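Those letters in the sequence shown? Residues 1 to 301, by the UniProt record's numbering.
From the three backbone atoms N, C-alpha and C, an ideal C-beta is built for every residue, glycine too.
Note that this is a predicted model, so its numbers are computed, not measured.
Reading through the structure tokens given below for one structure.
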Amino acid sequence: MSNSLLIVGCGYLGRRVGRLAQRAGWQVHATTRSRFETLAAEGFHPIAFDWNDSRTFDRLPTTTHVLIAVAHDRHSRVDRYASQVDGLARLIRHLDNGRPTDQSADVCYISTTGVYHQTGGVWVDETSPTRPTREGGKAHLAAEAKLRSLRVGRPTTTLRLAGIYGPDRVPRAADVIAERPIASPPHGHLNLIHVDDAATAVMNSFDNQRFASRARSPLYVVADDEPVVRREFYREIARATRSAEPTFVDPAADSGVRFRSETDKRIWNRRVRRDLLPQMRYPTYREGLRDVLENNLSNEA
């Protein structure tokens, strides 16, 4: 069977993975609830699908590979856990139903480094304990466990991604350029990965030739080589755009950035560098920001 990819949740990352798959000669199917013309323009086969609606499952094709990159819809009437965990379970049971283990699709699930609770700038990796305090981290961690339990003996990889940035997605770039105060604490570390390197990691997780002499890990944390203190990240945006030194104000008490800043860890990326990203296009935020911002391709995330 020739390679084919089903992307469940074809957003910022999924579209780039789809393009890489197309270049490799794969047929690409992508689920959506509304963006049919956009996905068709990419050359993908759009599929109307919602894993919270059992009536839509029969529309899914049988493919050799599956990327699951579903973000929780804050406007959905389905709560985060019911969607991210129960919806995932329904999808996996459907995909694996009737398929022998040795004919299973190779599944890559996109999780988040938000599952880590650590503070104080400590280094964490795949072996570090995970006790998330935010609902998103809790849901992803539960989804990871559900995936492991449902796919015993079937090819499955979980990628815990750091903060994704890239063209049209550089956090607070518009504020820095406009010299508006940034509603964020200047301290604490950001762990980042350029979207192009993240997409490459996904495709390389599907490359069995990479693992001819070494077993593929079921779990990778995906981040670049240099965690950066927030103040220095925004300074680099200012340097790249020839803007004034950034200033900071306290974020609102209920804002997402305040909750995210309550943790402070640094991602040790040794495993993903060894197996999936030995040659990273943007090894630090400096190269990534320079490529995006000097070409005037960024907007505020």
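> For the beta strand (DSSP E) that Val122 lies in, which residues bound it at each end?
Replying inline: From DSSP, the beta strand (DSSP E) with Val122 extends over Val122 to Val124.
> Considering Ala48, what are the terminal residues of the beta strand (DSSP E) in which it resides?
Replying inline: Ala48 -> beta strand (DSSP E) spans His45 to Ala48.
>> Please report the distance separating the alpha-carbon of Pro129 from that of Ala142.
In response: If I take the Cα positions, the gap works out to 14 Å.
>> Less than 8 Å between the C-beta atoms of Leu289 and Val170, yes or no?
In response: Their beta carbons are under 8 Å apart, which means Leu289 touches Val170 by this criterion.
>> With a threshold of 8 Å on Cβ separation, who are the neighbours of Ala40 within its own chain once the five nearest residues in sequence on each side are excluded?
In response: The beta carbon of Ala40 sits closer than 8 Å to the beta carbons of Pro46 from its chain, once the five residues preceding and following it are set aside; these are given in chain order.
> With a CB to CB cut of under 8 Å and the five nearest residues on each side skipped, what residues in its chain are close to Asn299?
Replying inline: Any reading at Asn299 must be qualified, since the residue scores a pLDDT of 40, below 50, and its modelled position is unreliable; no value is offered.
> Should Ala48 go down as buried or exposed, given a rule of 16 or more other Cβ atoms within 10 Å for buried?
Replying inline: Exposed is the call here.
> Is the CB-CB distance between Thr158 and Leu147 below 8 Å?
Replying inline: The answer is yes: Cβ separation under 8 Å.
> Looking at C-beta atoms only, is the number of pairs between the region 272-283 and the region 192-211 that lie closer than 8 Å three or more?
Replying inline: A contact exists between the region 272-283 and the region 192-211.
>> Quick check for students: name the residue ranges of the alpha helix (DSSP H) that lie wholly in the region 94-167, counting only runs of 4 or more.
In response: Runs of the alpha helix (DSSP H) inside the region 94-167: 135-150.
>> In whole angstroms, give me the CA-to-CA distance for His75 and Ala30.
In response: The alpha-carbon atoms of His75 and Ala30 are separated by roughly 21 Å.
> Helix, strand or coil: which one does DSSP assign to Arg169?
Replying inline: In the structure shown, the three-state DSSP call for Arg169 is strand.
>> Can you look up Leu5 in the DSSP assignment and give me helix, strand or coil?
In response: In the structure shown, Leu5 sits in a strand (DSSP, three-state: E or B).
>> Using only the alpha-carbon positions, how far apart do Leu161 and Tyr109 sit?
In response: Taking the straight line joining both Cα atoms gives about 10 Å.
> When DSSP builds the beta bridges, which residues end up paired with Tyr220?
Replying inline: Beta-bridge partners of Tyr220 (DSSP): Leu159.
> If you follow the beta strand (DSSP E) that Val66 is part of, which residue opens it and which one closes it?
Replying inline: Val66 -> beta strand (DSSP E) spans His65 to Ile68.
> Since Ala71 and Gly18 are thought to touch, with beta carbons under 8 Å apart, how far apart are those beta carbons, to the nearest angstrom?
Replying inline: Not a contact, Cβ separation roughly 16 Å.
>> Between the region 226-238 and the region 81-91, can you find at least three pairs of beta-carbon atoms closer than 8 Å?
In response: No, the region 81-91 does not touch the region 226-238.
> Hey, how far is the Cα of Gln27 from the Cα of Thr112?
Replying inline: Gln27 and Thr112: Cα-Cα distance of roughly 27 Å.
> In chain order, what residues of the same chain lie with their CB nearer than 6 Å to the CB of residue 303, ignoring the 5 residues before and after it?
Replying inline: What the structure shows of the chain is the stretch from 1 to 301, and residue 303 is not part of that stretch, so it cannot be assessed.
> Between Thr38, Gly188 and Asp58, which lies nearest to Thr263 when the distance is taken from Cα to Cα?
Replying inline: In terms of Cα proximity to Thr263, the closest of Thr38, Gly188 and Asp58 is Gly188.
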